[in-house]
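Scroll down for the structure; my scribbles are underneath it.
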Amino acid sequence: MSLDAVKLGKDILAALNGSLTEKWPDVKDYGEAEAKKLAQTLVMIATLKATGKINKEQAELHLEMQKNATRMVLMTIEGLGVLSVEAAINSALSAVKDNVNKEIGFTLL
101 MSLDAVKLGK DILAALNGSL TEKWPDVKDY GEAEAKKLAQ TLVMIATLKA TGKINKEQAE
161 LHLEMQKNAT RMVLMTIEGL GVLSVEAAIN SALSAVKDNV NKEIGFTLL
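Taking the working numbering, the leading residue of the sequence shown gets 101, the next gets one more, and so forth.
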C-alpha cells in the first residue's frame, strides 16, 4: 500500500476544518494549501523510508519542519492563537496517523 497524497490532503483538510470551524472562512485558502503540503511531506517521508534514504530521526525532522511552516502560516490569521493552531495541526495529523505509521513502519505521528 502506498500513501495517496490527494486522500491524505482531503483527510487533513477535513480535520483542520473541524478544528477551526469558527475561523474557517478566514482560514480556508490557507488550510487547503497547508493540507496539501503536509500530505506531500508525509508521502515524501514514506517514499524516502521505502528506498532506505531516511531513518526515523530524519523523518521526524522533516515532519517537524513542515509542522512549523504550517504553524506559522496559520498563526498569521487574526484571532488564531497558538493553542488553536496546535490543536488543529494535531487533529489533522491524527486523522492520517494510522495509514502513515503503517506505511513507514514506525510511529511518526
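Quick reminder that beta carbons are idealized off the backbone N, C-alpha and C, glycines included.
Quick one: using the 10 Å Cβ neighbour count with 16 as the cut-off for buried, is residue i buried or exposed?
i	result
S119	buried
G205	exposed
Q166	buried
T121	exposed
D111	buried
G179	exposed
So, with DSSP's three-state summary, where would you put residue i?
i	result
I189	helix
T170	helix
I204	helix
L209	coil
L183	helix
Looking at residue i: is its Cβ nearer than 8 Å to the Cβ of residue j?
i	j	result
E134	L174	yes
A139	A105	yes
L163	T147	no
L208	N199	no
Is there a C-beta anywhere in chain C that falls below 8 Å from the one on residue i?
i	result
S184	This model lacks chain C altogether, as it is built from one protein chain only.
Which parts of the region 103-163 are runs of the alpha helix (DSSP H), unbroken and 4 residues or longer, counting only runs that do not cross its ends? 105-119 and 124-150
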